[in-house]
Amino acid sequence: MANYLQTKAIVLSHRDLAEHDRLYTLYTEAKGKLEVRVRGARKILSKLQPPLSSIAVVRVLVYEGRSRPLLIGIETAERLPLVASTLWRTQVASRFIRLVDISTRPGICDEEMFALLRDGIHMAEHVSPPQASALRDAFILQLLIHSGYRPELHVCVVCRNAQPNAFSAAHGGAVCFKCSATDPTAVAVCAAELDALRAHATVPLAATAILPASNLGAITQALLRHRLETVLWFPVVG
Ligand SMILES: [Zn+2]
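The sequence shown begins at 10 in my numbering and counts up by one.
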């Protein structure tokens, strides 16, 4: 039986399919990651094209028949004009989208992941330049935690020593001086930086403005390299 699905979504990526069509990967509020076919998407005059190629929250209508879901309608639901017009904001939002794309699989409903990405791109629209680093690190930590990877941020993850002073992505969190010797990529951290990591892991993204500018970039990049096997360059602003 055929069904129609109407839901909010964010476009993650696309690839060409057949002569005129494209396959778009959406992150939907109702069904998580969803691949939809768009007939005629590669024709210049396709009216579905403008909302499909902008960073925004869209509302889609999808026909789910026997074969691959087909996109039959789309409109922009939440516009992000500054993300569209400011290069560093475009870069921040598109990296958040990329991170969700590489850390999720189709077929898993996850409204919280949709909300995290939606909040992330909304904050890319609104964040002030000095707070962009805090937004970046909060988003990365919360994405990893939501994906099932929770770094230990209180005691040494190896020996439970109560005064860790380094961070090891390979070991999975904070480590003491002795245990840090077993990971040549471990970076030294002070107690204040561990406090900051805990704050970034839990603050609502909309409240990243209350955090000071973040110097946790080396740690969040190490986590991305280790957990997602990716290096994502973020713009330096502020
Ligand atoms: Zn230890």
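Note that the Cβ used here is the ideal one computed from N, Cα and C, for glycine as well.
Less than 7 Å between C-beta atoms, sequence neighbours within five positions excluded: which residues of the same chain meet that for S103? By one-based count along the sequence shown, residue 103 stands at place 94. Excluding sequence neighbours, S103 sits near I64.
Using DSSP bridges, identify the partner residues of P135. Counted from its first residue, the sequence shown places residue 135 at position 126. Residue 135 is actually His in this sequence, not Pro. None, per the DSSP bridge assignment.
Determine the direct distance from the alpha carbon of W242 to that of A50, and round the result to whole angstroms. On the sequence shown, position 41 is the one that residue 50 refers to. On the sequence shown, position 233 is the one that residue 242 refers to. A50 and W242: Cα-Cα distance of roughly 30 Å.
Does L203 pass the burial test, meaning 16 or more other C-beta atoms within 10 Å, or should it be called exposed? Along the sequence shown, read from residue 1 onward, the residue named residue 203 stands at position 194. Label assigned to L203: buried.
Expressed to the nearest angstrom, what Euclidean distance is found between the alpha-carbon atoms of D25 and L43? The sequence position of residue 25 within the sequence shown is 16, counting from 1. The sequence position of residue 43 within the sequence shown is 34, counting from 1. Between D25 and L43, the C-alpha separation is close to 16 Å.
Does the segment 104-112 come within contact of the segment 129-145, defined as at least 3 CB pairs closer than 8 Å? yes
Which same chain residues end up closer than 7 Å to R236 when comparing Cβ atoms and leaving out the 5 residues on each side of it in sequence? Residue mapping note: residue 236 aligns to position 227 of the sequence shown, counting from 1. Excluding residues within five positions, the ones whose Cβ falls inside 7 Å are L153, Y158.
For A171, which residues in the same chain have their Cβ closer than 6 Å to its Cβ, ignoring the five residues on either side in sequence? On the sequence shown, residue 171 is found 162 positions in, with the first residue counted as 1. Counting only Cβ-Cβ distances below 6 Å, and skipping sequence neighbours, we find V164.
Buried or exposed (CB count within 10 angstroms, at least 16 for buried), R169: Counting from one through the sequence shown, the residue named residue 169 turns up at place 160. Exposed is the call here.
Beta carbon of P173: closer than 8 Å to some heavy atom of ligand 1? For the purposes of this step, residue 173 is taken as the residue at position 164 of the sequence shown. Yes, the Cβ of P173 comes within 8 Å of a heavy atom of ligand 1.
Integer Cβ distance of E248 from P60, believed to fall under 8 Å: In the structure displayed, the chain extends from 10 to 247; residue 248 sits before or after that span and is not available.
Can you give me the C-alpha to C-alpha distance between S41 and S112, rounded to a whole angstrom? In the sequence shown, counting from the first residue as 1, residue 41 sits at position 32. In the sequence shown, counting from the first residue as 1, residue 112 sits at position 103. At residue 41 the sequence reads Gly, which differs from the Ser that was named. Cα-Cα distance, rounded: 12 Å.
Compute the Euclidean distance between the alpha carbons of T239 and L80, then round it to the nearest angstrom. If you number the sequence shown from 1, residue 239 lands on position 230. If you number the sequence shown from 1, residue 80 lands on position 71. In a straight line, the C-alpha of T239 is about 30 Å away from that of L80.
So which residues put a beta carbon under 5 Å from any heavy atom of ligand 1, going in chain order? C165, V167, C168, N170, C185, C188
Given a threshold of 16 other Cβ atoms within 10 Å of its Cβ, counted over all protein chains shown, does Y13 qualify as buried or as exposed? Counting from 1 along the sequence shown, the entry for residue 13 is found at position 4. So Y13 counts as exposed.
Can we say the segment 213-227 touches the segment 138-150, given the rule of at least three CB pairs closer than 8 Å? yes
For S22, write down the residues that DSSP places opposite it in a beta bridge. Counting from 1 along the sequence shown, the entry for residue 22 is found at position 13. According to DSSP, S22 bridges with T34.
Proximity below 9 Å, CB of F186 to CB of A175: As a working note, residue 186 is residue 177 in the sequence shown. As a working note, residue 175 is residue 166 in the sequence shown. A contact, by the Cβ cut-off of 9 Å.
Can you tell me where the beta strand (DSSP E) holding S62 begins and where it ends? Walking along the sequence shown from the start, residue 62 turns up at place 53. Here S62 belongs to no beta strand (DSSP E), and DSSP marks it neither H nor E.
Ignore the nearest five residues each way along the sequence and tell me which others in H155's own chain have a CB closer than 7 Å to its CB. Here residue 155 refers to the residue found at position 146 of the sequence shown. Result list for H155: E121, M122, L125, in chain order.
Delimiting residues of the beta strand (DSSP E) encompassing E87: Position 78 of the sequence shown, counted from the first residue, corresponds to residue 87. It spans 79-87 - the beta strand (DSSP E) in which E87 sits, taken as one unbroken run.
Among I219, A195, A215, which residue has its Cα nearest to the Cα of A205? What you label residue 205 is simply residue 196 of the sequence shown in a count that begins at 1. Selected option, being the one with the closest Cα: I219.
Identify which residue in A231, A93, T34, L214 has its Cα closest to the Cα of A178. Here residue 178 refers to the residue found at position 169 of the sequence shown. It is A231.
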